[in-house]
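Chains A and B, in that order, are what the protein sequence lines are. For the first sequence, numbering that gives the first Met the number 0 gives the first residue as 0, with consecutive numbering after it. For the second sequence, numbering that gives the first Met the number 0 gives the first residue as 0, with consecutive numbering after it. Glycine is no exception: its CB is placed at the ideal position from the N, C-alpha and C atoms. What follows is a set of notes on a single structure, which appears directly below.
Number of protein chains: 2
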Amino acid sequence: MSRWAIGIDLGGTGIKAAVIGEESGILIDRRMLTDTASGPMGIVGQLAAIVGDLYHVASKTLASDDFAGVGLGAPGAVDAEKGVLSYPPNLPGWTVFPLRDELQNKLREKEGLSIPVFLDNDANVAAFGEAVYGAGREFRDFLMVTLGTGVGGGIVLNRQLYRGPHGTAGEVGFMIIAVDGPLHAGIQGTLESLIGKKAIVALACQMIDASPSGSSVGLLCGNDYTKLSPRNLQHAARDGDVVALAVWQRIGSLLGVGLANVTALMDIRKFVIGGGIAAAGPFIFDPALDQLRRSTLPSMHEGLELVPAHLGNKAGMYGAAALCFG
Amino acid sequence: MSRWAIGIDLGGTGIKAAVIGEESGILIDRRMLTDTASGPMGIVGQLAAIVGDLYHVASKTLASDDFAGVGLGAPGAVDAEKGVLSYPPNLPGWTVFPLRDELQNKLREKEGLSIPVFLDNDANVAAFGEAVYGAGREFRDFLMVTLGTGVGGGIVLNRQLYRGPHGTAGEVGFMIIAVDGPLHAGIQGTLESLIGKKAIVALACQMIDASPSGSSVGLLCGNDYTKLSPRNLQHAARDGDVVALAVWQRIGSLLGVGLANVTALMDIRKFVIGGGIAAAGPFIFDPALDQLRRSTLPSMHEGLELVPAHLGNKAGMYGAAALCFG
C-alpha cells in the first residue's frame with residue numbers, strides 16, 4: 000500500500016543510505032566511509048553491497064511489490080536523464096561515468112536485484128528532500144541554498160526539480176555579485192568566494208585586526224586565528240561580541256544580495272537555507288532577509304521569506320528516495 | 000486555414016499594432032502616439048479603435064473563423080493570468096488596472112467584437128516574438144536581453160515564456176553584479192546601473208577625461224559631451240577610436256558577467272540581444288561572449304552563444320500576436 004525506497008547520499012568522505020517509507024520516513028539507515036581509493040567500480044560495488052543489505056533487511060517486513068527503487072545523490076555534474084556523473088570533486092580518478100547504469104547492472108549481477116536506479120547531484124537531491132519532507136513542503140517554488148565550504152543550490156519549481164536544459168542549474172555559489180572581487184575557481188567575485196567558509200574566516204581575521212577593542216573570538220580559538228571557525232564566530236556572536244556580530248551582518252547581507260539576483264531573474268521568493276554555516280541562525284538570516292528586501296524592487300517584496308532547512312544532513316537521503324516516488 | 004491575430008505593442012510614447020498571419024507575418028500595420036493624457040480608460044478607447052479598424056480592414060480578405068484574438072504587450076508589471084497591469088512607467092495616472100478585461104469589454108460594447116484578449120509585459124512579448132518569429136527560433140531555451148535606457152529581459156524555457164510564480168521573472172537589469180556599486184532605483188550595483196544608456200555615456204565621459212591622447216568622439220558630438228550618445232560611441236569605435244573601443248569592451252564585459260549569472264543559476268546558454276544599444280554589434284558582443292566564458296565554470300561552456308535579435312522594434316507586435324496562437 001505505502002511505497003518505500005532506498006535513498007543514498009554519496010559523498011567524498013562518507014556514504015549515507017537509508018530505507019525510507021514514502022509516508023513514514025527513515026526506517027533503517029547505514030553509514031560508512033567512502034572507499035575512494037577503489038575508484039568508480041569499487042564504489043559501485045560498495046553501493047551495491049549497501050543496497051543489497053538494506054533491501055534484504057527491509058524486505059522482511061516491507062512488501063517487495065511496494066519497492067520503488069534506489070535513489071542516489073552524488074557530488075559533481077550529473078546528467079539525470081542519462082544517469083551520468085562527471086568529474087565529482089573529492090572522488091579521485093573519476094571522469095565521466097555512467098553511474099546509474101553501472102549500479103543497476105551490479106545490483107542485478109551481484110545481488111540478483113532488478114530494480115530501477117535514479118541519479119541526481121547532491122544539491123538537487125537535498126533541495127528535493129526539503130521539498131517533499133522538509134522546510135520546502137509549504138512552498139511550490141523555492142531555492143535551497145547550502146552554506147558550507149562551498150555554496151550550493153537546488154531549484155524547485157512547481158514542486159519539481161528544475162535542472163535546466165543541460166542539467167547544471169542551481170549553481171548559486173557561482174553567481175557573481177562583485178565584478179572586481181577576489182578570484183575563486185577562476186572566476187572573480189562569486190557568491191562562494193565571498194561567503195564560503197574560507198571567506199568567512201578570512202573576513203573575521205580582517206575585522207578582528209581592524210577592530211580597536213579586539214574581539215572575544217580569540218578566546219574561543221586559543222588566540223590562534225588560523226584555527227578560527229564559523230562555529231567560534233557563532234558562539235562569540237551569541238555572547239554579544241561586536242566583531243563577530245559585524246562579520247555575520249556582512250556575510251548575511253552578501254547572501255541577501257545573491258538571493259536578490261534569484262528573485263530578480265526567476266521571481267523565486269522563498270529560500271530554504273541549509274548547511275553547517277546556516278547554524279548561525281538569526282545572525283545570518285536577519286541581515287540576509289533585510290538585504291534581500293533592500294536589493295529587490297518593491298514590486299517583488301511580497302512573499303519574500305527565508306527559512307532554515309529541516310532535514311540537516313539527512314536531506315540527501317530523503318531527496319534521493321523521493322526521486323523514486325517521482 | 001491559416002490563423003491570424005492582431006498584435007499590439009503599447010508604449011509610453013507610441014502604440015504599434017499589426018495584423019499578423021501565423022505563417023505570413025505582418026500583413027497590415029498602424030502606428031500612433033499614445034494618448035497618455037487621457038488615462039487608462041482613454042487608452043483603452045484608443046486601443047479598441049485601432050483593433051476595430053484593423054479587424055475591419057483585415058476581415059475583408061481574411062476569414063473571421065481563423066481570427067485568434069488580440070495580443071497586447073504593455074510596460075510595467077503584468078499579471079498575465081489575471082490580465083492586470085500594475086504601475087506602468089511612462090503612463091501617468093495608472094496604478095493597478097484590469098487592462099485585458101477592460102479592452103475586451105470595450106471591444107464588445109463599442110466595436111461589436113467578442114474576441115479574446117491576451118496581455119503580457121513588453122519584455123516578455125518581445126522575447127516570445129523572437130522565440131516564434133525571430134532569432135530565438137533555433138533555441139528551445141534562451142534569455143532575451145533588451146539593451147536601451149533600461150536593461151530588460153524575457154525568459155523562454157521549452158519554447159514557452161517563463162513568467163515565474165508571480166509573473167515578474169526576467170528582470171536581468173536588476174541583478175546585482177557590483178555589490179558596492181552605484182545606487183540606481185534604490186538598489187546598488189545592478190546590471191542596469193552599469194550598462195544602461197546613462198551609464199554608458201557616463202563611463203565614456205570618464206574615460207575620455209582620463210585618456211591622455213583624447214578621443215575622436217568629441218568631433219561626433221560637437222565637443223559637447225553632454226550630448227554624447229551610444230550611437231556616437233559606435234561610430235567612433237568603427238573608426239578605430241581607442242577610447243570608444245575601450246568603453247564598449249568594458250560594457251560588453253559587464254554584460255557578460257550578468258549573463259554568466261543567468262547561466263550559473265538557470266543553465267541557460269543562449270542569449271538573444273536586442274534594443275538600441277545592441278546596434279554596437281561586435282564591439283559589445285565579442286567582449287560579452289569572451290567574459291561570459293571567463294565567468295562561468297568550464298562544465299558550462301558548451302553551447303554558450305550570443306546572437307542579435309532579428310525583429311527590431313517589431314518583436315513586441317509579433318510576440319503579442321504569438322500569445323494568441325499559443
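| query | result |
| --- | --- |
| By a C-beta neighbour count over all protein chains shown, 10 Å radius and 16 as the cutoff for buried, is Arg136/B buried or exposed? | exposed |
| Name, going along the chain, the residues of the stretch 127–149 of chain B whose beta-carbon falls closer than 8 angstroms to a beta-carbon of chain A. | Arg139 and Asp140 |
| Rounded C-beta distance between Pro211/B and Gly275/B? I'm assuming under 8 angstroms. | Not a contact, Cβ separation roughly 31 angstroms. |
| Would you kindly check if the distance between the Cβ of Ala67/B and the Cβ of Arg139/B is under 8 angstroms? | no |
| So, using beta-carbon positions, are Gly6/B and Ile14/B closer together than 8 angstroms? | no |
| Among Met206/B, Arg237/B, Ala62/B and Gln45/B, whose alpha-carbon lies nearest the alpha-carbon of Tyr224/B? | Met206/B |
| Examine the Cβ distances between the stretch 56–74 of chain A and the stretch 84–92 of chain A and report whether three or more of them are shorter than 8 angstroms. | yes |
| What is the DSSP secondary structure of Trp3/A, reduced to helix, strand or coil? | strand |
| Could you compute how far the alpha carbon of Met265/A sits from the alpha carbon of Gly163/B? | 6 angstroms |
| Tell me, to the nearest whole angstrom, how far the beta carbon of Lys269/A is from that of Glu304/A; I am working on the premise that it is less than 8 angstroms. | 5 angstroms |
| Can the beta-carbon of Leu288/B be found less than 8 angstroms from the beta-carbon of Val124/B? | no |
| Using the Cβ count rule (16 or more neighbours within 10 Å means buried), how would you classify Pro286/B? | buried |
| What does Asn260/A touch in chain B if you count any residue whose Cβ is under 9 angstroms from its own? | Phe173, Met174, Ile175, Ile176, Asn260 and Leu264 |
| In whole angstroms, what is the alpha-carbon distance linking Leu310/B and Thr33/A? | 55 angstroms |
| How is Leu303/B classed by DSSP in three states: helix, strand or coil? | coil |
| Roughly how many angstroms lie between the CA atoms of Thr167/B and Arg29/A, to the nearest whole one? | 44 angstroms |
| Using the C-alpha atoms, what's the distance from Ile175/A back to Gln290/B? | 12 angstroms |
| Are the beta-carbon atoms of Ser294/B and Ala259/B separated by less than 8 angstroms? | yes |
| Would you identify the three-state DSSP class for His183/A, choosing helix, strand or coil? | strand |
| Could you give the uninterrupted runs of the beta strand (DSSP E) lying entirely in the stretch 85–133 of chain B, keeping only those of 3 residues or more? | 116–120 |
| Answer yes or no: do Gly38/A and Gly92/A have a C-beta to C-beta separation smaller than 8 angstroms? | yes |
| So which residues on chain B does Ser1/A lean against when the C-beta distance must stay under 8 angstroms? | Under the 8 angstroms cutoff, chain B gives no residues; its nearest Cβ is about 31 angstroms from Ser1/A. |
| Report the rounded CA-to-CA distance for Glu170/B versus Gln187/A, giving the unit in angstroms. | 23 angstroms |
| Considering only their Cβ atoms, is the gap separating His234/A from Leu254/A smaller than 8 angstroms? | no |
| Would a C-beta distance cut-off of 8 angstroms place Gly149/B and Gly195/B closer than the cut-off? | yes |
| Would you identify the three-state DSSP class for Lys226/B, choosing helix, strand or coil? | helix |
| Between Ala16/A and chain B, is the shortest Cβ-Cβ distance under 8 angstroms, so that the two count as touching? | no |
| In chain order, which continuous runs of the alpha helix (DSSP H) of length 4 or greater are located wholly inside the stretch 148–198 of chain B? | 190–194 |
| Please report the residue range of the beta strand (DSSP E) in which Asp78/A lies. | Ala76 to Asp78 |
| Distance, Cα to Cα, Pro115/B vs Gln103/B? | 7 angstroms |
| Grab the span of the alpha helix (DSSP H) containing Ala145/A for me, first residue to last. | For the record, residue 145/A in the displayed sequence is Thr; it is not Ala. Here Thr145/A belongs to no alpha helix (DSSP H); instead the beta strand (DSSP E) covers Phe141 to Leu146. |
| For Glu170/B, decide whether its Cβ has a neighbour in chain A, counting only Cβ atoms nearer than 8 angstroms. | yes |
| CA-CA distance, Gly24/A and Val241/A? | 42 angstroms |
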